[in-house]
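UniProt numbering puts the first residue of the sequence shown at 1, with every later residue one more than the last. C-beta atoms are modelled at their ideal positions from N, C-alpha and C, and glycine is treated no differently. Only a predicted model underlies this, so the values are computations on that prediction, with no experimental measurement involved.
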Amino acid sequence: MRRLRIDVGWLQHILFFFVCGLGFISLASCLDGDDYSKTGNPKVLVPVTNLIYNRLQSLKNVLKADIDRDLGYCIKNLKDDWDEAFDFDKNLDFLSNCIKKTDGDITLRLCSAAEIKFYFSSFIRRDEVTTVHVKPNVNCNLAKWVSGCEPGWSCNADDDKKFDIKNGKVLPSRTRKCQPCCEGFFCPQGLACMIPCPLGAYCPLAKLNKATGVCEPYNYQIPPGKLNHTCGSADSWADAESSGDMFCSPACFKLATCNPNTANQNIHAYGAILIASVSLVMIMVYNCSDQVLATREKRQAKSREAAARHAKETTQARERWKTARDVAKNPKMGLTAQLSQTFSRMTSKKDTPDKASGKSKDKKKGPSNLTKMMKSMEDNSSNHEGFNVGTGGSKPGKKPQAPKGKQLHTQSQIFKYAYGQIEKEKAMEQNNQNLTFSGVISMAQDTEIRSRPVIEIAFKDLTLTLKGKHKQILRSVTGKIMPGRVSAVMGPSGAGKTTFLSALAGKSTGCTRAGLILINGKNESINSYKKITGFVPQDDVVHGNLTVEENLRFSARCRLSAYMPKAEKVLIIERVIESLGLQHVRDSLVGTVEKRGISGGQRKRVNVGVEMVMEPSLLILDEPTTGLDSASSQLLLRALRREAVEGVNICMVVHQPSYTMYKMFDDMILLAKGGLTAYHGSVKKIEEYFAGIGITVPDRVNPPDHYIDILEGIVKPNSDITIEQLPVRWMLHNGYPVPHDMLKLCDGLPSSSGSAQNDSTDNSFSNDLWQDVKTNVEIQKDQLQDNYSNSQDNSNRVTPTVGRQYRYFMGRIGKQRLREARLQALDLLILLVAGACLGTLAKVNDETINSLGYTYTIIAVSLLCKISALRSFSVDKIQYWRESAAGISSLAHFMAKDTMDHLNTIIKPLVYLSMFYFFNNPRSSFEDNYIVLVCLVYCVTGMAYVFAILYSASAAQLMSVLVPVVLTLIANQDRDSIVLKYLGSFCYPKWTLEAFVLSNAQRYSGVWVVTRCSSLSQYGYDLSDWVLCLIVLVLMGVICRFIAYFCMVTFKK
């Protein structure tokens, strides 16, 4: 029982508090403005104020559906925007003062949900012209116009019992107790109710200016004839279009100032700090970029020199020890002979007996396959039958045996190994100084030479005819060029020497080919051996902003076997540098037209060395000795003969070789005018052949010069034979068929100058034009087929993958950009100046949300970034064509260039905004502007790639200037035109401007939300499209990059 009483007691307490709570809730629900007017109790004022404020806040839920439907394009988050405009929770004094002033009738004076919707629908329409005038309604029209309809005034609702502030459908009737509105509210003309002024607005009571009759600071006047009418409060939601009295918000950034009667803060201090930081970084890069590479090169040079010195000392010590050992074994050698002997590796090597012991005789290897092959060619060099040899090497995909340099890892070890091998080769070379064919045989017998896959090219009745003109530039050429031999192609100008080499190298486009070209006895394309074929163009196509060693190293890395150890690659590079005499300029820049580097002769040798370092089996050179003196030409030819020792098939075009050079050739190909062969055979038998037909070389005359003078027509033959008969004599000498139109030369009949066939007819201009167009189309078709041809790879060499070549390209481009740091700094300086000028001149305009300033920004940034991005592909376009033809990955080339340009994509917007943003001071955040600019730069950089690849440098610059201006004009044209609206969707300035405006509009909150909505309505923008604009810009950049890559691969030459 006791326990039951306790429970009943607690129940009584609970019921007591419940009843009290209901009473309090009832009391609170009954509170209203009338309670304050009846009692005048200040204690009631606070709860009444809070109650009315909560009623105002409840309108947010009532209007949510209408706002989402009608204003969804400019209000993305209703709660945040409402709080930024009407969150008066921190200070409700203006509401309490209004309760006092209206004697508690404030709830009847506040606009209902229906009136608020009616007011905003009057001037926020996406499909109508905006206006700030309220349309006629039930309270204010031509038949009924109470005092509350005047600006700054309001009236009570007639039926206070039926009045519901949440009613969003019916406008209440207002005719009672009309009086000026309270401070902190605005009362539009023609509405007769009050709306709270949003945060950030300036809504004091107006004062009458008796001189002008205007209620200041507003622009309305007291209606005439109404003596009791006074100035009220604000008459409209003040925005940028209806009032210029906009002021800074109370919160300002640190280090910023806000001048009186201004709408923007002065944040130049932040700009000065950022400018100083960026300038400091630019100065450091400008002054230290060269030092970074120079320091690394010096450290590498010291390691290399120490390794070379160690190798020489080791070789000399070994030679001394061998000499001392030989002297000890041969006591008959006198002291005089010992003292007179030079303890160098070369002399010691000569004096050392080749047969020191019987064991060496037993262990001595027999002639290698290469030696046997070379002896057979020496014995029968005029044999023109198929040269059936295999390409050798390992099977594809099978990893070859690693040489002994594989286990070397450090740079010092690798250099010691490389220079040690070079010293051994030098000693061996001194024993075989005669680098004629006999010297080559001797070297092949003495040492084991690393063999390469051999390539023999045989050609029969090779004829090339220009398309469209039907002119034969090469005719009935038969013969072969063989591995292990150096063949020289000579002839007068226009004889087709370069065309002949291009045909052998598979580069003769725009011509119709007849006859056969056999590769190792098989009818297949030379492109199948592209990885082991080297072609040296006549022009010195090398990278001028790289050093000699860097040019050679890059070619070796990308074109040598992927399985070859690093030590072997370094050995090959060092051997080529040594053989070409480039040691003292190996760390010098090759140079460009603007910046002088090495000499022309050294540049020519680098041009040849780029192909030598990839260890080709076929090496074709187009006039490699042009511009070289006699000593440099001989040095280059000796280096080529060393390549021939390893079985390389070398064919080169030469002009006026010296007698010494002439004797260093193995074979000679003389072409007469018209592309006919006058001689093709061994150099040793050329004078014998021409003497047999009555052409002898005078004394003290260089034979090749004499033969060229005869073929050119400068010197007449000292026999009855004519120049035209020389090709026919060669055909008859070798049993080749003679073309029908040349049979008359067999009888000794001279051909008259007018006997040439003249097939030209009097064609009309239209026929000639059509023929030219047809020919150009065929040439372009051949070019495309050649670029996209996918020949079978028979080279048996596995080159580095695309990923590894991409890494090599990144290293090369990084060095090039560091050496161009001053040019990069100049680009950034121009951006700084452009940002400062546009930021100062393009003032912020709240009516257009600063769209004009952003338009200037789009044009300036697009133009400057495009012009600087052109250098990525226009400067080294010819170098790319050479590298691509050699088999280096185009994808790795493009991706590395694009990746390195991303650095500019990140930095340049930051540099520009560091000036523009803090001088212009837009409302949008720095981060939003930066993101938009990054997407813009990424987009226009891709367009610049397309221009750089398709056009010449001057035309690409013109396009880069013209396109941004034209596209910006199209994007800003009248949107009523369907065609321009459709075209504008494909213009990047349209999406960029929209992204800028939206990022700026997001910051128009509070009192500025009407400005935001009206401006976005005018432009047709939507706040939710900001991310879409960025995606479109990035997508355009990606598409442009795909187009650029396609054009780069398709239209290469």
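- In the DSSP assignment, Ala234 falls outside any beta strand (DSSP E) and carries neither an H nor an E.
- Judged by DSSP secondary structure, Asn921 falls outside any alpha helix (DSSP H); it is assigned neither H nor E.
- The criterion of a C-beta distance shorter than 8 Å is not satisfied by Gly515 and Lys467.
- Our two residues, Phe186 and Glu216, have alpha carbons roughly 14 Å apart in a direct line.
- Three or more beta-carbon pairs drawn from the segment 704-720 and the segment 662-673 are found closer than 8 Å, and the two stretches are therefore classed as touching.
- The three-state secondary structure of Gln538, taken from DSSP, is coil.
- DSSP lists Pro180 as the bridge partner or partners of Trp153.
- Val489 is bridged by DSSP to Val653 and Ile669.
- Taking the CA atoms as reference points, Val134 sits about 21 Å from Arg69.
- If you draw a 10 Å sphere on the C-beta of Gln792, you find fewer than 16 other C-beta atoms in it, and that means exposed.
- Counting of Cβ neighbours within 10 angstroms places Asn850 among the buried residues, the total reaching 16 or more.
- Checking the DSSP bridge columns, you'll see Gly681 partnered with Met668.
- Between the segment 157-168 and the segment 82-96, the count of Cβ pairs shorter than 8 Å is below three; the stretches do not touch.
- Across the set Val541, Arg299 and Asn649, the C-alpha of Val541 shows the shortest separation from the C-alpha of Arg605.
- Just so you know, the alpha carbons of Val773 and Asn767 end up roughly 10 Å apart.
- The C-alpha of Arg557 lies about 12 Å from the C-alpha of Glu615.
- Within the same chain, Cβ atoms closer than 8 Å to the Cβ of Cys746 are found at Val728, Leu732 and Val738, the five residues on either side in sequence being excluded.
- In this structure, Gly420 sits near Thr314, with a CB-CB distance shorter than 8 Å.
- Under the DSSP assignment, Leu466 falls in the beta strand (DSSP E) whose first and last residues are Ile457 to Leu466.
- In this structure, Leu63 and Ile116 form a Cβ contact; the two beta carbons are roughly 7 Å apart against a cut-off of 8 Å.
- Here Asp81 is not near Leu199, since their CB atoms are 8 Å or more apart.
- In this structure, Ser617 is the residue among Thr626, Gly735 and Ser617 with its C-alpha nearest to the C-alpha of Val454.
- In this structure, Thr660 is the residue among Leu504, Ala885, Thr660 and Gln879 with its C-alpha nearest to the C-alpha of Gln634.
- If only complete runs of 3 or more residues are kept, the segment 502-536 shows the beta strand (DSSP E) at 511-519 and 533-536, in order along the chain.
- Counting along the chain, Lys815 sits inside the alpha helix (DSSP H) bounded by residues Val802 to Arg819.
- Contact check between the segment 684-692 and the segment 489-502: fewer than three CB pairs, one atom from each, fall below 8 Å, which does not count as touching.
- The segment 82-141 is shown to contain whole alpha helix (DSSP H) runs of 4 or more residues at 93-101, 106-109 and 113-121, in chain order.
- Beta-bridge partners assigned by DSSP to Asn61: none are found.
- Per DSSP, the unbroken beta strand (DSSP E) holding Thr478 starts and ends at Gln472 to Ile481.
- Selection His893, Tyr1004 and Cys1047 evaluated against Leu784 yields Cys1047 as nearest (Cα-Cα).
- Under the DSSP definition of a beta bridge, Lys207 partners with Glu216.
- Counting along the chain, no beta strand (DSSP E) covers Asp741, and no H or E run does either.
- For the options Arg1041, Pro922, Ile858 and Ser889, the alpha carbon positioned closest to that of His902 is the one of Arg1041.
- Scanning its chain for C-beta atoms nearer than 6 Å, with the 5 sequence neighbours on each side dropped, one finds around Ala418 the residues Val570, Leu571 and Glu574, in chain order.
- With fewer than 16 other Cβ atoms from the protein chains shown falling within 10 Å of its own Cβ, Met284 counts as exposed.
- Annotated as proximal: Phe163 and Pro172, with beta-carbon spacing under 8 Å.
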